[in-house]
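Asker: Submitted below is the structure of interest, expressed as structure tokens.
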Amino acid sequence: LASVQSVQRGDTMLHPAPLSHGGGMYHLPYVLNAGLNVVPRSDGFDPHEALALAAHWQQASFFAAPTMVRRLVDAARTLPERPQGLATIVYGGGPMYLADIEEALQVIGPHFAQIYGQGECPMTISVLPKSDVLDTDHPRWRERLAS
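Put into structure tokens, the structure is as follows:
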């Protein structure tokens with residue numbers, strides 16, 4: 001997570017995905033830095049709930065598989081304005097279609113970082129940080145997003 005973003009006192013990590021998978025790997029930096037870990041009430045991923053929790057807790061981050069990002073974009077499209085309170089949405093766990101991440105950046109904003117790794121390593125093989133996701137001037141920007 002240190003390669004993705006620093007965690008400060010009061011930052012929030014939402015856990016809308018199972019704690020036994022990617023999202024659960026990020027709880028410890030929030031505990032160590034006096035951040036918050038928030039487990040949603042829903043029994044599964046509810047994109048409207050995740051967006052509402054981000055707006056409530058502010059400076060909120062969470063891990064999302066590409067299918068969750070797709071659902072989040074669809075939910076965000078129903079809002080009167082861009083989602084509020086988001087810090088970073090770390091996505092991984094499967095391939096992300098280029099069109100989906102481009103749309104996510106347009107609809108949700110500059111909050112995405114890509115990771116690659118398995119829980120056993122723990123989720124640290126590689127990262128495409130937000131700065132690279134947002135670097136649209138890079139000659140291979142679209143190739144980076146599609147990686």
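Read in full-length UniProt numbering, the sequence shown has 93 at position 93, and its numbers run on one by one without any break. A virtual CB, placed ideally from N, CA and C, is assigned to each residue, including glycine.
From which residue to which residue does the alpha helix (DSSP H) around Ile-101 run?
Answerer: Residues 98-107.
Asker: Determine the DSSP secondary structure at Ala-34, reduced to helix, strand or coil.
Answerer: Three-state DSSP puts Ala-34 in coil, outside helix and strand.
Asker: Going by DSSP in three states, Thr-12 sits in which element: helix, strand or coil?
Answerer: Strand, per DSSP.
Asker: Measuring CB atoms only, is the region 51-70 touching the region 8-21, in the sense that at least three cross pairs come out at less than 8 Å?
Answerer: At 8 Å Cβ cutoff, the stretches touch.
Asker: Looking at the structure shown, is Thr-88 part of a helix, part of a strand, or coil, going by DSSP?
Answerer: Strand at Thr-88.
Asker: Candidates Leu-72, Thr-67 and Glu-81: which alpha carbon is nearest Gly-92's?
Answerer: Minimum Cα distance to Gly-92 is reached at Thr-67.
Asker: Ser-131 lies in the beta strand (DSSP E); which residues open and close that run?
Answerer: Segment 130-133 is the alpha helix (DSSP H) holding Ser-131; no beta strand (DSSP E) there.
Asker: Taking the alpha helix (DSSP H) that Ala-50 falls in, what are its first and last residues?
Answerer: Taken as a continuous stretch (DSSP letters only), the alpha helix (DSSP H) holding Ala-50 covers 47-57.
Asker: Kindly say whether Gly-23, judged by its beta-carbon, lies nearer than 8 Å to any beta-carbon of chain C.
Answerer: Absent here is chain C; the protein component of the structure consists of one chain.
Asker: If I follow the unbroken alpha helix (DSSP H) through Ala-65, where does it start and stop?
Answerer: No alpha helix (DSSP H) holds Ala-65; DSSP gives it neither H nor E.
Asker: What number of angstroms, rounded off, separates the C-alpha of Val-38 from the C-alpha of Arg-82?
Answerer: Cα-Cα distance, rounded: 22 Å.
Asker: Quick one: what's Ala-113 bridged to in DSSP?
Answerer: Looking at the DSSP assignment, Ala-113 forms a beta bridge with Val-90.
Asker: Could you give the DSSP three-state label for Val-7: helix, strand or coil?
Answerer: The answer is coil: DSSP assigns Val-7 none of H, G, I, E or B.
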